[in-house]
Amino acid sequence: MAAAGAGCVFCAIVAGETEADIVHADDDLVAFLDQRPVFKGHVLLVPREHVVTLDELPDRLRDPFLATAQRLCRAVVDGLGAQGSFVAVNNRVSQSVPHLHLHVVPRTKGDGLRGFFWPRTKYADRERAAYAERLREALAAL
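Read left to right, the sequence shown gives residues 1 to 142 (the UniProt record's numbering).
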């Protein structure tokens with residue numbers, strides 16, 4: 001397991017040093033909106049502890065990590081009206097930030113996502129905060 005290093009953007013988000021639209025936070029995990037979402041409402045779930053890959057996730061965090069991922073999957077459906085979700089974890093290859101993160105991407109039939117070519121979109125001014133609020137409300141209701 002790697003120590004939190006200078007320059008880890010996810011460690012900075014977890015520490016509150018870098019702004020993010022947090023949709024869930026507890027003692028072990030933080031979930032926030034992706035800055036460059038595949039689709040609006042795209043959430044990243046990270047452990048507070050600096051862990052690089054899924055296989056390094058401590059056993060004590062495995063069940064809470066997956067349980068929170070399940071809740072996020074329900075939240076994008078209940079809170080955003082998605083028909084389902086795409087869930088992914090990259091381990092090193094294609095891992096843009098070397099800190100374990102699980103993607104929960106809202107999906108709807110015909111949304112254009114094909115394979116692993118992830119087109120990116122942008123939020124309008126203050127729109128990202130509204131998506132984060134909708135997800136927080138949906139998570140609170142679960």
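Heads up, the beta-carbon is just placed ideally off N, CA and C, and yes, glycines get one too. All values derive from a computational prediction rather than experimental measurement.
Shortest alpha-carbon distance to residue i belongs to which of the options?
i, options, result
"L44", "V38, D34, C73 and V51", "D34"
"L54", "V93, G81 and G79", "V93"
"L135", "Q95, L113 and A69", "A69"
"P47", "V38, E137, A75 and A15", "A15"
"L61", "A20, Q83 and V30", "V30"
Can you give me the C-alpha to C-alpha distance between residue i and residue j, rounded to a whole angstrom?
i, j, result
"M1", "P98", "Because M1 sits at a pLDDT of 42, beneath the cut-off of 50, its placement in the model cannot be relied upon, and the point is left open."
"H42", "H50", "21 Å"
"L113", "E17", "33 Å"
"A141", "G7", "35 Å"
"K40", "Q95", "20 Å"
"H101", "L66", "12 Å"
"A130", "D78", "15 Å"
"D111", "A132", "21 Å"
"A25", "A12", "14 Å"
Taking the beta strand (DSSP E) that residue i belongs to, which residues open and close that run?
i, result
"R92", "Neither: R92 is in no beta strand (DSSP E) and is coded neither H nor E."
"A25", "I22 to A25"
"P47", "V43 to P47"
Would you kindly report the start and end of the unbroken alpha helix (DSSP H) that includes residue i?
i, result
"L57", "Where L57 is concerned, there is no enclosing alpha helix (DSSP H), given that its DSSP letter is neither H nor E."
"F10", "V9 to V14"
(message) Check whether the region 82-92 and the region 120-140 touch, using three or more Cβ-Cβ pairs below 8 Å as the test.
(response) no
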